[in-house]
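> In my numbering, the protein residues as written are 547 to 1101.
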């Protein structure tokens, strides 16, 4: 079994290190055979965009072409007619804007100067030729030393295409990864117009009317509306998540997922893996989250929210928290497996993002937090059925709920409740917890299937306030199962707490449900890990729910 290299998106490294690589090289053939010169392929984060761009770079690049050729040994692209004709034949510019971030436009511009400078440094050898005049050499040096003014910087990508084409007497392959990162940052920090004005010119110069360009491929998370980013560019063909073009080259297909689970002896989990990490629609294909699958395999079958931990999800939190009641109702319905129907757009206009329910849902679909299945068309508008893709993403929504619910909690009462819990005063703990539930959970109908996860997230959000003196863990193995919540004092002489959370089922009452939860703690020996660590004082606490009523019992 090959090693799993988490987060590694350099094709050359994966092949040379003999790491696990899912063969997506036919993506190259699709790019070559597409007759459009400029392609934009937006996909959610961590779905293999940068790795595919790196694969294109090592395939097309005429630098070290013989060595790069060996990287593709036994891969699918070598069995096609395009391999001999196109491999190693082009100068390649590969640029990523992922680090062009900041709290203001100047910081973003600084990041872009550094990125462009690094690209120019890769090609300083061309200045040793006699092909360029003094002005061209001067401008090259200004850009390479990060001294270019804004006008020269706006033209820097086109200028490099011009120089390389002149040097090699060959047209250029331009690969631009994460083109929309500066726009995300600008929108969040309120300098959107300055940033889009710059990026529009920067991209426009390089992509429109560029006679030195053979092919350009752009990737990002979103298709930013043409009027915002691609004004004047009519030569960009977009393959969004709703198109069938390239739909199997980002993320893992069912066949690929089955194979990797089989190879790593995890195929017994295939159905559960489907519930956790499948569910994205790209064109007609249903796709698995590749980041989550690889992490699941590397962690030998541990189910958790791997994708959640790759981003702060700031914009998603903001959109849901600050949205009107219709979006909150949509989230409630989605968590309770109800169908949500909406018009969905093929692009995002950031200035209008928060102006309507449809715009917010469109954003959440394109970023991977929701999935959409075409339902019907009414005149020019397309309506889609909208779902939460899988359990992993569902838990993200529950944590978002947790955050805004906790915003409504009075800090003094919270401290009183937590002290009561630690001191074993369960009656007071239960009284205050019930008050918080009634006041805070009014946002949502919690009498459905998601209740236990909602309450767990709610409690964990409050218990995090104990982190200075206690370790808070959840869903970890101990004894013969996984406990819901464990509170471990850093002082081993103090009392630890195991909490089992349960919804009161049909034909149960609070008394029998509480007893059942306590019995589960005992029978599955959830206290095993505590005893192994040396804790002798252990409280076992059952917490059960009936709608918005909470019942507790300790042992």
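Here a beta-carbon is modelled for each residue, glycine too, at the ideal position from N, C-alpha and C.
In this text, all values refer to a predicted model and were calculated from it rather than measured experimentally.
Which same chain residues end up closer than 6 angstroms to residue 851 when comparing Cβ atoms and leaving out the 5 residues on each side of it in sequence?
938 and 941
> Write down the C-beta distance between residue 1042 and residue 1076 rounded to the nearest angstrom, noting that I regard them as a contact closer than 8 angstroms.
5 angstroms
> Tell me whether the region 568-585 and the region 600-612 touch, counting them as touching only if at least three CB pairs, one residue from each stretch, are closer than 8 angstroms.
The region 568-585, when compared against the region 600-612, does touch it at the 8 angstroms Cβ threshold.
> When you compare the CB positions of residue 598 and residue 570, do they come within less than 9 angstroms of one another, or not?
yes
> Given residue 1050, which residues of its chain have a CB within under 7 angstroms of its CB, disregarding the five upstream and five downstream residues?
Shown here for residue 1050: same chain residues with a beta carbon closer than 7 angstroms to its own, the five before and five after excluded, namely 1056, 1059, 1090, 1091 and 1092 in chain order.
> Report all residues from its chain with a CB closer than 6 angstroms to the CB of residue 1048; omit the five preceding and five following residues, and keep chain order.
1059, 1063 and 1090
> Relative to the alpha-carbon of residue 1065, which residue among 1081, 1079 and 1086 has its alpha-carbon at the smallest distance?
1086
> In angstroms with no decimal places, state the Cα-to-Cα distance between residue 835 and residue 914.
9 angstroms
> How many whole angstroms separate the CB atoms of residue 699 and residue 662, which I take to be in contact at a CB cut-off of 8 angstroms?
7 angstroms
> Taking residue 1097 as the reference, which of 1045, 881 and 889 has the closest Cα?
Closest option to residue 1097, Cα to Cα, is 1045.
> Classify residue 660 as buried or exposed, calling it buried when 16 or more other Cβ atoms lie within 10 Å of its own Cβ.
Of the residues assessed, residue 660 falls on the exposed side of the cut-off, its CB having fewer than 16 other CB atoms within 10 angstroms.
> With a CB to CB cut of under 8 angstroms and the five nearest residues on each side skipped, what residues in its chain are close to residue 733?
861, 896 and 899
> May I have the straight-line CA-CA distance separating residue 635 from residue 763, to the nearest angstrom?
Rounded to the nearest angstrom, the gap between the Cα atoms of residue 635 and residue 763 is 17 angstroms.
> Residue 720 lies in the beta strand (DSSP E); which residues open and close that run?
718-723
> Checking 9 angstroms against the spacing of the C-beta atoms, do residue 767 and residue 588 come in under that value?
If you check the CB distance, residue 767 and residue 588 come in under 9 angstroms.
> In angstroms, rounded to a whole number, what distance separates the CA positions of residue 755 and residue 831?
Rounded to the nearest angstrom, the two C-alpha atoms are 35 angstroms apart.
> Just the Cα atoms here: how many angstroms apart are residue 1036 and residue 839?
34 angstroms
> Assign residue 1030 to one of two classes, buried (16 or more other C-beta atoms within 10 Å of its C-beta) or exposed (fewer than that).
buried
> Along the chain, which unbroken stretches of the beta strand (DSSP E) at least 3 residues long are found entirely within the region 863-925?
886-889 and 917-924
> Using only the alpha-carbon positions, how far apart do residue 1010 and residue 1032 sit?
12 angstroms
> Threshold first: 4 residues or longer. Then list the alpha helix (DSSP H) segments lying entirely within the region 670-756, N to C.
List check, alpha helix (DSSP H) in window: 680-690, 696-700, 702-714, 727-735 and 738-753.
> Is residue 832 helix, strand or coil by DSSP?
Residue 832 falls in the strand class under three-state DSSP.
> Quick check on the DSSP output: what are the complete beta strand (DSSP E) runs of length 3 or more inside the region 563-600, in order along the chain?
584-588
> Look up residue 1035 in the DSSP assignment and give the residues it is bridged to.
1016
> Just to confirm before moving on: does the CB-CB distance between residue 578 and residue 818 stay below 9 angstroms?
no
> Is DSSP giving residue 932 helix, strand or coil here?
strand
> Please classify residue 665: does DSSP put it in a helix, a strand, or coil?
helix
> When burial is assigned at 16 or more other CB atoms within 10 Å of the CB, is residue 1052 buried or exposed?
Result: exposed.
> Output the distance between the C-alpha atoms of residue 765 and residue 1067, rounded to the nearest integer angstrom.
Rounded to whole angstroms, the gap between the alpha carbons of residue 765 and residue 1067 is 49 angstroms.
> If you draw a straight line from the alpha carbon of residue 989 to that of residue 932, how long is it in whole angstroms?
Bear in mind that a pLDDT of 49 at residue 989, under 50, signals an unreliable position, so the number given afterwards is only what the model happens to contain. Whole-angstrom Cα-Cα distance: 21 angstroms.
> Would you kindly work out how many angstroms separate the C-alpha atoms of residue 1080 and residue 1040, rounded to a whole number?
11 angstroms
> Pair every Cβ in the region 741-757 with every Cβ in the region 693-709, then say whether three or more of these pairs are closer than 8 angstroms.
yes
> Grab me the residues of residue 816's own chain with a C-beta within less than 7 angstroms of its C-beta, minus the 5 sequence neighbours each way, in chain order.
804 and 807
> What is the DSSP secondary structure of residue 1048, reduced to helix, strand or coil?
Three-state result, residue 1048: strand.
> Classify residue 746: buried if its beta carbon has 16 or more other beta carbons within 10 angstroms, exposed otherwise.
Label assigned to residue 746: buried.
> Just to confirm my understanding: we take residue 1024, look at its own chain, exclude 5 residues before and 5 after, and list those with CB closer than 6 angstroms. What are they?
1072, 1074 and 1075
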